[in-house]
Every structure is written in C-alpha cells, then in structure tokens.
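Residue numbers (our numbering): 1 to 272.
All C-beta atoms in this analysis are idealised placements derived from N, C-alpha and C, irrespective of residue type, glycine included.
This report concerns only the one structure given below.
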C-alpha cells in the first residue's frame with residue numbers, strides 16, 4: 001500500500017512515517033519506480049509505535065525496545081517515574097494558582113514565594129520556558145545580517161569593478177586565506193555565543209549582550225562570517241558565494257538551535 005493509505009490507517013503524517021523509516025523502525029519495500037510499498041506488518045508496527053509515543057516513550061527508547069536493548073517493562077517503569085515527577089509539578093502549579101485565587105492576589109502581590117517546592121523542582125518547567133520564550137526570529141535576522149556586507153560589496157562591484165581580485169595568484173591566495181580565517185572564526189564565535197547563552201537577537205542599539213565593547217554589530221558570528229563570504233565571492237564568483245552562504249547559514253543557525261534546545265549555557269540561579 002502507498003503512504004497515503006498508511007496515513008489514513010495510522011493517523012500519522014507522511015513526515016512522521018518517513019522519520020520512523022530513517023530510524024529503521026519500519027523498512028518498506030521499494031517498487032521498480034522507487035516508490036515505497038508498505039505492508040500490513042509496517043502498518044501494525046506503526047500502530048505499536050503510535051501507542052508508545054502516546055504514552056510518552058521516546059523514539060530512541062522505542063528503537064531499543066524493538067532491537068531488544070530495552071525491555072518494555074523497563075521503558076514503562078522509567079516513564080512512570082517521569083509521570084510521577086510531572087504529576088508532582090502539576091500539583092505544585094495547581095497549589096500556586098489556588099493560592100492566588102484564595103488570597104485574591106494582584107500583579108503587585110506576586111513573588112516567587114508563592115511557588116511551593118524547591119528551585120530544583122521548578123527547573124524542568126523553567127527549562128521549557130527558556131526555550132519557548134526565546135526569540136526564534138534570530139534565524140531570519142542572522143541570515144539577513146550575514147547578507148548585508150556581501151550585498152554592499154556586490155553593488156560596489158557593479159559600480160566600480162572588483163577591487164579585491166586583482167588577478168594576481170599570490171594575492172588571490174591571501175584573500176582566500178583571509179576568507180577561510182573569518183569563516184572559521186565566525187563558527188568558533190557562534191559556538192562560544194551559544195555556550196555562554198548570549199542573546200538570540202542582533203541589534204545596533206545598546207544593551208544587547210551579543211555586542212563586544214567598541215565593536216557593536218560587527219562583533220557577532222553572522223556579521224564576521226559575511227566578511228569571509230565577501231572574500232570568497234570576490235575570488236570565485238556568485239555561485240560559490242551563494243553556496244557558501246547557504247552552508248554557513250545552516251551551520252550557524254543549526255548551532256544556535258542546538259544550544260537553545262540543549263539549554264546547556266550557564267545560568268545564574270536566583271534564590272527562591
């Protein structure tokens with residue numbers, strides 16, 4: 001059967017089904033035209049996956065169950081432990097909400113003292129908030145920032161000619177080396193920014209923690225990468241520039257997303 005039919009039978013989207021394929025949880029056969037052909041066994045396997053995912057068992061644990069690395073009992077026991085913690089968190093949240101209603105608290109009366117429990121008990125929820133309440137538009141902003149200098153250079157080139165590539169092979173090698181340096185430095189800086197938890201937006205104004213004193217907007221990884229892209233574009237042309245622009249955009253944005261999701265940057269904890 002085709003993937004559309006499998007979608008109807010399982011209630012899953014094709015993107016989910018193919019994701020499970022990539023994890024080798026199901027292995028559909030291929031027809032002569034390279035179309036996937038799903039069997040009844042594949043559908044039944046997807047239904048089992050669906051049940052486990054609805055129970056909250058991770059995809060990695062599902063894979064381990066199918067390969068025999070993890071027993072169903074152990075996976076469910078681990079999930080029950082997680083649910084107990086979640087239930088306790090829900091009760092504490094309910095208690096805080098009830099206290100606000102019972103005491104008729106207003107915005108000026110709110111403080112962390114209303115939260116029962118310890119900071120460590122609230123930390124999982126705080127981790128979710130740090131990820132949810134981050135400015136995801138930095139992806140677009142970073143890509144735009146990375147394009148500003150190359151666009152300016154392109155306009156200057158159209159008006160006055162290429163003033164970097166002189167046709168001197170030795171000079172070209174120096175330019176390429178400088179381009180490699182700026183691109184490598186930008187990625188190292190991107191990792192540093194993510195590890196330190198620096199702000200996810202760029203701004204020309206004061207008060208943003210992406211900006212080093214005296215450098216302003218030129219201190220972040222996207223703008224530094226743009227310098228390297230200009231140097232490569234001056235030597236190799238637009239096609240290489242656009243290819244490297246996409247590659248570096250994916251690397252820089254992907255790295256930032258990784259640090260956001262992992263939430264591994266150091267946080268100064270406030271005492272509740």
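When DSSP labels each residue in this structure, what does residue 82 get in the three-state scheme?
helix
Within this structure, are the beta carbons of residue 249 and residue 240 separated by less than 8 Å?
no
Tell me whether residue 24 sits in a helix, a strand or coil according to DSSP, three-state version.
coil
Only counting the same chain, and skipping five residues up and downstream in sequence, which positions put a Cβ closer than 7 Å to that of residue 215?
Because the pLDDT at residue 215 is just 41, under 50, the model does not fix this residue reliably, and the value given afterwards should be weighed accordingly. Same-chain partners within the cutoff: there are none.
Where residue 37 sits in the DSSP three-state scheme:
Looking at residue 37 - three-state DSSP - the assignment turns out to be strand.
Short Cβ contact (8 Å threshold) for residue 178 with residue 231
One thing to note: residue 178 has its Cβ within 8 Å of the Cβ of residue 231.
Does DSSP classify residue 116 as helix, strand or coil?
coil
Hey, residue 46 and residue 65 are a contact pair by Cβ (cut 8 Å); roughly how many whole angstroms apart?
About 14 Å; that fails the 8 Å criterion.
Given this structure, state the Cα-to-Cα distance separating residue 213 from residue 192, to the nearest angstrom.
Unreliable placement is indicated for residue 213, whose pLDDT of 38 sits below 50; no coordinate value is reported for it.
Going by DSSP, which residues form a beta bridge with residue 47?
Answer is none; residue 47 lacks a bridge partner.
I'd like to know whether the C-beta atoms of residue 189 and residue 226 end up nearer to each other than 8 Å.
It is not a contact, given that the beta carbons lie outside the stated cut-off.
By a C-beta neighbour count over all protein chains shown, 10 Å radius and 16 as the cutoff for buried, is residue 10 buried or exposed?
In the assembly as shown, residue 10 is a buried residue. Its beta-carbon has 16 or more other beta-carbons within 10 Å.
Are there three or more Cβ pairs, one per stretch, closer than 8 Å when the segment 73-80 is compared with the segment 111-121?
no
Between 18, 142, 229, which has its C-alpha nearest residue 183's C-alpha?
229
Short of 8 Å in beta carbon distance, which residues of its chain neighbour residue 35, apart from the five on each side in sequence? Order them along the chain.
2
Pick from 223, 20, 153: whose alpha carbon is nearest that of residue 187?
223
Considering residue 31, what are the terminal residues of the alpha helix (DSSP H) in which it resides?
It is not in any alpha helix (DSSP H) - residue 31 carries neither H nor E in the DSSP assignment.
Simplified DSSP state of residue 77, which is helix, strand or coil
helix
The alpha helix (DSSP H) enclosing residue 257, as first and last residue numbers:
238-262
Helix or strand or just coil, what does DSSP make of residue 58?
Secondary structure of residue 58 (DSSP, three-state): coil.
How about residue 19 and residue 49: are their beta carbons less than 8 Å apart?
Going by C-beta atoms, residue 19 is not nearer than 8 Å to residue 49.
Sort 104, 41, 53, 37 by Cα distance to residue 16 and report the nearest one.
53
How many Å lie between residue 39 and residue 29 at the Cα?
Whole-angstrom Cα-Cα distance: 8 Å.
Exposure of residue 156, with buried meaning 16 or more beta-carbon neighbours within 10 Å
exposed
Identify whether residue 179 lies in helix, strand or coil by the three-state DSSP scheme.
Helix, per DSSP.
Would the beta-carbon of residue 194 fall within 8 Å of that of residue 152?
no
By DSSP, does residue 13 sit in helix, in strand, or in coil?
coil
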